[in-house]
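The structure appears below as structure tokens.
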Amino acid sequence: MLRKWLSLLWTARSRLNLAWALIKDERVPLWQKAIPFLPLIYILSPMNLISFALPVVGQIDDALLIMLAVELMERVVDENILAEHKTKK
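Mapping to the numbering used here: the sequence shown position 59 is 76, numbers consecutive.
Quick look at the structure:
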């Protein structure tokens, strides 16, 4: 399990670039484009203030939440569109 979390963080830059390309793609439905932004509701909420008390853990928690949302987006986007963007890299 820890290995999967570390893998998410390690590949963050390329996955965020892929997510950005998918967000700009007109063929991807709006509800799928919104998925990576959903963690912002939690990150900006008062409930997240607790994680600010733990300096490093709080930021890792937020980063993992965003990366999980990006992974969810990759899973729901049409396979052909996703494959097209992955080959463009």
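Built from N, CA and C at the ideal position, the CB exists for glycine as well. In this text, all values refer to a predicted model and were calculated from it rather than measured experimentally.
Determine the DSSP secondary structure at residue i, reduced to helix, strand or coil.
i          : result
residue 91 : helix
residue 31 : helix
residue 44 : coil
Take the Cβ of residue i as the centre, count every other Cβ of all protein chains shown within 10 Å, and call the residue buried at 16 or more, exposed below.
i           : result
residue 91  : buried
residue 94  : buried
residue 64  : exposed
residue 100 : exposed
residue 49  : buried
Rounded to whole angstroms, what is the Cα-Cα separation between residue i and residue j?
i           : j          : result
residue 107 : residue 54 : Beyond the ends of the chain as shown, which are 18 and 106, falls residue 107; an answer cannot be given.
Looking at the ligand PLP, does it come within less than 7 Å of residue i, judged from the CB to the closest heavy atom?
i          : result
residue 87 : Absent from the structure shown: the ligand PLP. Ligands present: none.
Practice item. Could you say if the region 41-48 and the region 70-88 meet the contact criterion of at least three C-beta pairs nearer than 8 Å? Key: no
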